[in-house]
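Peer 1:
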């Protein structure tokens, strides 16, 4: 688990969208129960179909969204930050981040971007 | 406005009547793009439409009409004789009624807009109660209506639903105003009386969304919050980003949920940061009972 100077930790894990199982915790720690819960919920959180028709809905605001797939979901409670990020080159996988203890949103976003870049480079 | 709105109250507390009101509003949305004219519901009433917005609605059995609403406004009641005098003058001169009322100094633009919204919502709820389908549309080729005094279908739906809890709806409207950002449109909603479907109670002014898609989006947000019980039932803020520049930011305070559709990345980021700060200060917090979808 990555532990910041403030003492808050963030766990990053690769998750299979089809089964909702944690495939790998990136920092070799045991999987946190909330990481398992987020993994199980990932496919539901990224599900945008069948309704509403998002492209039509966005078009009413003057935006032309070409994709009907959600790329990233960020969730926050008073104590925690959660991120689910789709891997563009692996549609069956997502990268998740789960803060353990109060974590900064920017720190979690920065951490997930770094790990996404590492995964792409690997 | 706290005047009695009999049909709105019954529609807000009866999912079947609310569904019927949605059908009335969808019949307005279903008119060809840019239509201006009168949509008749047999002999029960008529809705004047301008470009999918409602300018005026009237139904036969309405108990509460614009004059009553203006005269009963507790914040600034207007004498019935004064209103009727302005109505007569407007009719004689051919001046639009709204323009005449504002010009007379009896009411502000915002005050008249609020009264018209309540009147039109009551008329739509009354048509929903009568369960009449639209039978005829007469196109008005000549003029268009004053856009200051026309309403989107979603605004009207919120005005009907809010009758079940005006205090909660007023707070929700205030919250939407406080967090308003450019390139974003927000709606506030609660679970309906059955606890299953969303009931929209406030929207940003001029909300361009259609009622069906707004309800679908609110249902989708409810589903997102429901699934958070798997890892953190205190989740109060969600941001979903698509591959392009668009996104939806959703949050909940007490038992009221909010969703803002953002048409640009800066709008999503700004809203998320603003709400995240509030969350850590205790301003955005979920304290309701978690429901699971059947």
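Chains as they are written, first to last, in the working numbering: chain A, 1 to 122; chain B, 1 to 294. Backbone N, C-alpha and C fix where the C-beta goes; we use that ideal spot for every residue, glycine too.
Do we get a CB-CB distance below 8 Å when we pair residue 228 of chain B with the residues of chain A?
Peer 2: Chain A contact via Cβ: present.
Peer 1: Since residue 109 of chain A meets chain B, which of its residues come closer than 8 Å, beta carbon to beta carbon?
Peer 2: Per Cβ cutoff of 8 Å: no residues; residue 109 of chain A is ~10 Å from chain B at best.
Peer 1: Using a cut-off of 8 Å between C-beta atoms, extract the partners of residue 62 of chain A located in chain B.
Peer 2: The answer, in chain order, is 263.
Peer 1: Helix, strand or coil: which one does DSSP assign to residue 253 of chain B?
Peer 2: Strand, per DSSP.
Peer 1: For the beta strand (DSSP E) that contains residue 226 of chain B, what are its first and last residues?
Peer 2: Looking at the DSSP string, residue 226 of chain B is not in any beta strand (DSSP E); the run it does join, the alpha helix (DSSP H), is 211-227.
Peer 1: Between residue 51 of chain A and the ligand FMN, is there a pair consisting of the residue's CB and a ligand heavy atom that are separated by less than 7 Å?
Peer 2: Inclusion of the ligand FMN in the displayed structure is not the case, the ligand content being empty and no account of it being possible.
Peer 1: Go ahead and pull the three-state DSSP assignment for residue 179 of chain B.
Peer 2: Three-state result, residue 179 of chain B: coil.
Peer 1: Return the bridge partner residues of residue 71 of chain A from the DSSP annotation.
Peer 2: Paired residues: none, contrary to the question.
Peer 1: Mind pulling the chain A residues with CB within less than 9 Å of residue 312 of chain B?
Peer 2: Outside the modelled stretch of chain B, which goes from 1 to 294, sits residue 312 of chain B, for which no answer is possible.
Peer 1: On the DSSP letters alone, give me the boundaries of the alpha helix (DSSP H) that residue 89 of chain B sits inside.
Peer 2: Run containing residue 89 of chain B: 80-93, per the alpha helix (DSSP H) assignment.
Peer 1: Looking only at its own chain, which residues have a Cβ that is under 8 Å from the Cβ of residue 148 of chain B, when we skip the five neighbours before and after it?
Peer 2: Hits under 8 Å: 98, 109 and 113.
Peer 1: Suppose you measure from the CA of residue 1 of chain B to the CA of residue 115 of chain B; what does that come to, to the nearest Å?
Peer 2: For residue 1 of chain B, the pLDDT reaches just 43, beneath the cut-off of 50, and the residue's location in the model is therefore unreliable, leaving the point undetermined.
Peer 1: Name the chain B residues that come within less than 7 Å of residue 93 of chain A, Cβ to Cβ?
Peer 2: Simply none; closest approach about 16 Å.
Peer 1: May I ask you to report which of helix, strand or coil DSSP gives residue 55 of chain A?
Peer 2: Reduced to three states, the DSSP call for residue 55 of chain A is helix.
Peer 1: Which residue or residues does DSSP assign as beta-bridge partners of residue 145 of chain B?
Peer 2: Note: residue 145 of chain B sits in no beta bridge, so no partner.
Peer 1: How far does the beta strand (DSSP E) with residue 86 of chain A in it reach, from first residue to last?
Peer 2: From DSSP, the beta strand (DSSP E) with residue 86 of chain A extends over 81-87.
Peer 1: Nearest chain B C-beta to residue 12 of chain A closer than 8 Å, yes or no?
Peer 2: Judged by the 8 Å Cβ criterion, residue 12 of chain A is not in contact with chain B.
Peer 1: Three-state secondary structure (DSSP) at residue 293 of chain B?
Peer 2: Caution is warranted here: a pLDDT of 36 is assigned to residue 293 of chain B, below 50, making its placement in the model unreliable, and the coordinate value is therefore given only provisionally. Note: residue 293 of chain B maps to coil in three-state DSSP.
Peer 1: How do the segment 76-93 of chain A and the segment 235-246 of chain B stand: do at least 3 beta-carbon pairs fall below 8 Å, yes or no?
Peer 2: Taking 8 Å as the limit for Cβ pairs, the verdict is that the segment 235-246 of chain B does touch the segment 76-93 of chain A.
Peer 1: What does the Cβ neighbour count give for residue 164 of chain B, buried or exposed, with the cut at 16 atoms within 10 Å?
Peer 2: Counting Cβ neighbours within 10 Å, residue 164 of chain B comes out buried, since at least 16 surround it.
Peer 1: How many angstroms separate the CA atom of residue 94 of chain B from the CA atom of residue 127 of chain B?
Peer 2: About 28 Å.
Peer 1: Could you name the residues of the same chain whose beta carbon sits closer than 6 Å to that of residue 306 of chain B, not counting the 5 residues immediately before and after it, in chain order?
Peer 2: The question about residue 306 of chain B has no answer, for chain B in this structure spans 1 to 294.
Peer 1: Do residue 271 of chain B and residue 181 of chain B have their beta-carbon atoms positioned less than 8 Å apart in this structure?
Peer 2: In contact: residue 181 of chain B and residue 271 of chain B (Cβ atoms closer than 8 Å).
Peer 1: Here's the rule I'm using: 16 or more other beta-carbon atoms within 10 Å means buried, otherwise exposed. How should residue 214 of chain B be labelled?
Peer 2: Buried is the call here.
Peer 1: Nearest to residue 91 of chain A by alpha carbon, out of A/116, A/104, A/10 and A/16?
Peer 2: With distances taken between Cα atoms, residue 91 of chain A lies closest to A/16.
Peer 1: Could you list which residues in chain B have their beta carbon closer than 8 Å to that of residue 67 of chain A, in chain order?
Peer 2: Near residue 67 of chain A (Cβ distances below 8 Å), the residues of chain B are 242, 243 and 244.
Peer 1: Quick check on the DSSP output: the alpha helix (DSSP H) that includes residue 107 of chain A runs from which residue to which?
Peer 2: First-last of the alpha helix (DSSP H) with residue 107 of chain A: 105-121.
Peer 1: In terms of DSSP beta bridges, what is residue 53 of chain B paired with?
Peer 2: Beta-bridge pairing links residue 53 of chain B to B/50.
Peer 1: Output the distance between the C-alpha atoms of residue 197 of chain B and residue 89 of chain B, rounded to the nearest integer angstrom.
Peer 2: Looking at the two C-alpha atoms, the distance is approximately 46 Å.
Peer 1: Quick one: does residue 68 of chain B have its CB under 8 Å from some CB of chain A?
Peer 2: Not closer than 8 Å to any Cβ of chain A, the Cβ of residue 68 of chain B fails to qualify, so no.
Peer 1: Any Cβ of chain B within less than 8 Å of the Cβ of residue 57 of chain A?
Peer 2: At least one chain B Cβ lies under 8 Å of residue 57 of chain A.
Peer 1: Which whole-angstrom value describes the C-beta separation of residue 202 of chain B and residue 169 of chain B, a residue pair presumed to lie in contact below a C-beta threshold of 8 Å?
Peer 2: Yes, residue 202 of chain B and residue 169 of chain B are in contact; Cβ-Cβ is about 5 Å, under 8 Å.
Peer 1: Judging by CA-CA distance, which residue of B/273, B/101 and B/253 is the nearest neighbour of residue 81 of chain B?
Peer 2: For residue 81 of chain B, the nearest C-alpha among the options comes from B/101.
Peer 1: 8 Å is my cut-off, CB to CB: does residue 113 of chain B come that close to chain A?
Peer 2: Not closer than 8 Å to any Cβ of chain A, the Cβ of residue 113 of chain B fails to qualify, so no.
Peer 1: Which residues in chain B have a C-beta closer than 9 Å to the C-beta of residue 119 of chain A? List them in chain order.
Peer 2: Those within 9 Å of residue 119 of chain A in chain B number zero; the least Cβ separation is about 18 Å.
Peer 1: Residues of chain A with CB under 8 Å from residue 209 of chain B, in chain order?
Peer 2: Simply 57 and 60.
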